[in-house]
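This report concerns only the one structure given below.
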Amino acid sequence: IVYGPWGCGLCMNCRQGMENYCQAPGKPIPGGLGGTDGGMAEVLLVPATRYLIPLGGLDPREAAPLTDAGLTSYHAVKRSVHLLG
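First residue of the sequence shown? That's 9 in my numbering, and the numbers climb one at a time after it.
So, in structure tokens, the structure goes:
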């Protein structure tokens, strides 16, 4: 499963792990790997260390919905945990 947002990797938001708020989306990925083409392709070459999430024993068909529903909840908790004291 590949994480959806393709940020530039260089702006403040990308460096803080918030690529969905990238200030320069759509630019080529640093390191010379193309741009944002291929999002609907069956096969896509991406830098594994940056965009692939290890599934372990999960079936990709069962884990696919987690890229949106799971990460939305995860980021809400992650950004609010400091409020819990």
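Think of the CB as a built atom: it goes at the ideal place given N, C-alpha and C, for glycine as much as any other residue. It should be emphasised that the depicted structure is a prediction, and the values quoted were computed from it without experimental measurement.
Review point. What did DSSP end up calling E27 once you bin it into helix, strand or coil?
Key: helix
query: From what residue to what residue does the alpha helix (DSSP H) around P68 run?
result: P68 to A71
Taking just the CA atoms, how far does M20 sit from Y82?
-> Straight-line Cα distance between these residues: approximately 20 Å.
Any idea what DSSP makes of L63, helix, strand or coil?
coil
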